[in-house]
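**Student:** Below is the structure I would like to discuss, written out as structure tokens.
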Amino acid sequence: MAFALTGVISLNIRSKMPSNRIAGDTGEKEIVGLVPCPNCGKKLMKLPSNYPLYDVQCTGCSFRAQVKTNNTKPKDVILGAGGEIIEKVLKSGFMVPPLIVNFKWREDGKRKRKIFLYPFIPKINLKKYQLSASARRAKYKMFNYIGLSKLPYFPLYQREF
Ligand SMILES: [Zn+2]
Numbered sequence: 008m009a010f011a012l013t014g015v016i017s018l019n020i021r022s023k024m025p026s027n028r029i030a031g032d033t034g035e036k037e038i039v040g041l042v043p044c045p046n047c048g049k050k051l052m053k054l055p056s057n058y059p060l061y062d063v064q065c066t067g068c069s070f071r072a073q074v075k076t077n078n079t080k081p082k083d084v085i086l087g088a089g090g091e092i093i094e095k096v097l098k099s100g101f102m103v104p105p106l107i108v109n110f111k112w113r114e115d116g117k118r119k120r121k122i123f124l125y126p127f128i129p130k131i132n133l134k135k136y137q138l139s140a141s142a143r144r145a146k147y148k149m150f151n152y153i154g155l156s157k158l159p160y161f162p163l164y165q166r167e168f
């Protein structure tokens, strides 16, 4: 495939949003620390933050995934990221990467966490939008994951304390 991903905005737009970058890195470290590879059971590792599309990969097999951290209970719509790269990727015929979501929230005085793997996300479950002209990053193209509650998922981890 001749499609070049280098030099374009990372799917997680980390370089542009320092606070998200920290949250993203923390979320990936948590995944690597808490969850073994859902395919082979070996340890996952973090990919470099400029690595396109994927955030973690398995040390023992070819499993790779995108990671999102949400400080909410599991929900239907979650924030994706900068849309230009994913748009190019999808137009080139690549598939949306498998998605691991790290849901963390407080409820009834307890801290709760659920980690889900969405192994397959059809294109129609990505919704593009554009930031307004008055936004700090005016007219920046973004996307959200939508309809997650109707997609098949694997629960990878659950804890409350
Ligand atoms: Zn594996």
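Residue numbers (my numbering): 8 to 168. Every residue, glycine too, gets a C-beta built ideally from N, C-alpha and C.
Indicate the three-state DSSP secondary structure (helix, strand or coil) for Thr-66 in the structure shown.
**Tutor:** Along the sequence shown, read from residue 1 onward, the residue named residue 66 stands at position 59. Of the three classes helix, strand and coil, the one that applies to Thr-66 here is coil, per DSSP.
**Student:** Within the same chain, show all residues whose beta-carbon is closer than 7 Å to that of Phe-168, passing over the 5 residues directly before and after it, in chain order.
**Tutor:** Start at 1 with the first residue of the sequence shown, and residue 168 comes out as number 161. Result list for Phe-168: Lys-117 and Arg-118, in chain order.
**Student:** Is Ala-88 buried or exposed, if buried means 16 or more other CB atoms sit within 10 Å of its CB?
**Tutor:** To locate residue 88, count along the sequence shown from 1; it is residue 81. It counts as buried.
**Student:** For Asn-78, is the classification buried or exposed, using 16 other Cβ atoms within 10 angstroms of its Cβ as the cut-off for buried?
**Tutor:** Indexing the sequence shown from 1 puts residue 78 at position 71. Classification of Asn-78: exposed, given that the 10 Å Cβ count is below 16.
**Student:** In chain order, what residues of the same chain lie with their CB nearer than 6 Å to the CB of Ile-20, ignoring the 5 residues before and after it?
**Tutor:** Here residue 20 corresponds to residue number 13 of the sequence shown, with the count starting at 1. Summary for Ile-20: the model assigns pLDDT 41, below 50, so the residue's position carries little reliability; its value from the coordinates is reported in the next sentence. Answer for Ile-20: Ala-88 and Gly-89, listed in chain order.
**Student:** Does the Cβ of Lys-53 lie closer than 8 Å to at least one heavy atom of ligand 1?
**Tutor:** To locate residue 53, count along the sequence shown from 1; it is residue 46. Every heavy atom of ligand 1 is 8 Å or more from the Cβ of Lys-53, so no.
**Student:** Does DSSP put Leu-86 in a helix, a strand or coil?
**Tutor:** The residue labelled residue 86 in the question sits at position 79 within the sequence shown. In the structure shown, Leu-86 sits in a strand (DSSP, three-state: E or B).
**Student:** DSSP state of Val-42, grouped into three classes?
**Tutor:** Taking the first residue of the sequence shown as 1, we reach residue 42 at position 35. Coil, per DSSP.
**Student:** Regarding Phe-161 and ligand 1, is the C-beta to nearest heavy atom distance less than 8 Å?
**Tutor:** Indexing the sequence shown from 1 puts residue 161 at position 154. Because no heavy atom of ligand 1 lies under 8 Å away, the Cβ of Phe-161 does not count as near it: no.
**Student:** So, with DSSP's three-state summary, where would you put Lys-146?
**Tutor:** Looking up residue 146 in the sequence shown gives position 139. Lys-146 falls in the coil class under three-state DSSP.
**Student:** Count the other CB atoms, across all protein chains shown, that sit within 10 Å of the CB of Thr-76; report buried if there are 16 or more and exposed otherwise.
**Tutor:** Residue 76 sits at position 69 when you count from the first residue of the sequence shown. Thr-76 should be labelled buried.
**Student:** Taking the alpha-carbon positions, what's the Pro-6 to Lys-148 distance?
**Tutor:** With the chain running from 8 to 168 in the structure shown, residue 6 is simply not present.
**Student:** Measuring CB atoms only, is the region 104-111 touching the region 129-143, in the sense that at least three cross pairs come out at less than 8 Å?
**Tutor:** Too few Cβ pairs lie closer than 8 Å, so no.
**Student:** With a threshold of 8 Å (Cβ to nearest heavy atom), would Gly-67 be considered close to ligand 1?
**Tutor:** Start at 1 with the first residue of the sequence shown, and residue 67 comes out as number 60. The answer is yes for Gly-67.
**Student:** My assumption, with CB atoms under 8 Å, is that Lys-80 sits in contact with Phe-123. Please give the rounded CB distance.
**Tutor:** To locate residue 80, count along the sequence shown from 1; it is residue 73. To locate residue 123, count along the sequence shown from 1; it is residue 116. With 8 Å as the limit, Lys-80 and Phe-123 do not qualify as a contact, their Cβ atoms being about 11 Å apart.
**Student:** For Leu-138 versus Ile-153, is the C-beta distance shorter than 9 Å?
**Tutor:** The residue given as residue 138 occupies position 131 in the sequence shown. The residue given as residue 153 occupies position 146 in the sequence shown. Against a cut-off of 9 Å, the Cβ pair of Ile-153 and Leu-138 comes out as no contact.
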